[in-house]
Amino acid sequence: YCFEELNLRRMENGYFEGNKQSKRMQEKLGFKPEGIRRKKYYCLATGEYKDECITGLLKEEFVDIKEEYICKIATIEEMEQNWSYLIDIHHNDNSWKVYRDKAIKNKEEGNSIVYYGILNGEIISEVTVILSDKEVQNSEGLVDNNTVYLSAFRTKKEYQGKGYFSRLYNFVENDLKKIGYTRLTLG
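One gets the numbering used here by counting positions in the sequence shown from 1 and adding 549 to each.
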């Protein structure tokens with residue numbers, strides 16, 4: 550939004566020295582260290598002045614990040630590729646073959662939309678949107694003409710916590726709004 554809608558050139562962020570969670574979140578979003586404002590803020594909790602670590606993200610850096618990750622509606626061929634991977638990693642559990650068959654059938658019959666997040670050609674995250682109340686147990690209020698049911702949230706372990714799934718989810722939400730759905734339920 551900031552770069553595309555507001556046409557900003559750069560964004561700046563910050564966190565208190567020692568706040569590992571905030572630092573990690575900013576790094577995952579692509580922000581780079583730019584400096585420290587020494588004893589910038591007074592902390593009421595500790596009664597001490599705290600250093601603020603400054604991070605920044607340039608528009609061209611964001612474009613680079615964005616271009617390597619694609620969110621899209623999956624094709625049957627991509628689904629078959631992804632299901633082959635899932636069956637391979639769960640090779641001792643035959644139920645994954647049943648899940649595959651049902652997922653592909655639902656897509657073919659228009660009962661679902663499958664979305665993938667693809668990084669450098671590799672499917673790394675997914676969301677399945679169920680459009681038919683026949684495919685959801687106890688579906689009352691979960692699926693109707695205005696409501697869809699989101700399930701099968703998956704991100705490969707090595708990509709978890711890096712913001713890829715959030716970007717896919719935002720893509721899914723916006724796409725479903727364009728189609729006309731006004732309510733999403735999560736499973």
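The beta carbon of each residue, even a glycine, is placed where N, CA and C say it ideally should be. Please read these numbers as outputs of a predicted model, since none were measured by experiment.
Bridge-paired residues (DSSP) for K572
Translated into the one-based positions of the sequence shown, residue 572 becomes position 23. Beta-bridge pairing links K572 to no other residue.
Judging by CA-CA distance, which residue of P582, Y648, C602 is the nearest neighbour of K589?
Taking the first residue of the sequence shown as 1, we reach residue 589 at position 40. Selected option, being the one with the closest Cα: C602.
Can you list the alpha helix (DSSP H) stretches of 4 or more residues lying completely in the stretch 600–673, in chain order?
Segments of the alpha helix (DSSP H) lying fully in the stretch 600–673: 608–617, 625–638, 644–657.
Over what stretch of residues does the beta strand (DSSP E) that includes E561 continue unbroken?
Indexing the sequence shown from 1 puts residue 561 at position 12. Judged by DSSP secondary structure, E561 falls within the beta strand (DSSP E) whose first and last residues are 559–565.
Verify whether the separation of the beta carbon atoms of G759 and R716 is less than 9 Å.
The structure shown does not extend to residue 759, since the chain spans only 550 to 736, so no value can be given for it.
Given this structure, state the Cα-to-Cα distance separating F565 from K711, to the nearest angstrom.
One-based indexing of the sequence shown puts residue 565 at position 16. One-based indexing of the sequence shown puts residue 711 at position 162. Roughly 21 Å separates the two Cα atoms.
Taking only three categories from DSSP, how would you classify F714?
Working through the sequence shown from its first residue, we reach residue 714 at position 165. Three-state result, F714: helix.
For E675 versus A701, is the C-beta spacing smaller than 9 Å?
For this step, residue 675 is matched to residue 126 along the sequence shown. For this step, residue 701 is matched to residue 152 along the sequence shown. The answer is yes: Cβ separation under 9 Å.
Length of the line joining the Cα atoms of G567 and R703:
Locating residue 567 in the sequence shown gives position 18, counting from the first residue. Locating residue 703 in the sequence shown gives position 154, counting from the first residue. A straight line joining the alpha-carbon of G567 with that of R703 spans about 31 Å.
If I'm right that V739 touches L680 with Cβ under 8 Å, what's the distance once you round it to whole angstroms?
Outside the shown range of the chain (550 to 736) lies residue 739, about which nothing can therefore be said.
Can you tell me which of the three DSSP states F720 falls into?
Position 171 of the sequence shown, counting from 1, holds the residue named residue 720. DSSP, reduced to helix, strand and coil, places F720 within a helical segment of the structure shown.
I need the DSSP call for Y708, collapsed to helix, strand or coil.
In the sequence shown, residue 708 corresponds to position 159, counting from 1. Shown here, Y708 sits in a helix according to DSSP, grouped into three states.
What does DSSP give as the partner residues of T677 in its beta bridges?
Along the sequence shown, read from residue 1 onward, the residue named residue 677 stands at position 128. Note: T677 sits in a beta bridge opposite V663, S700.
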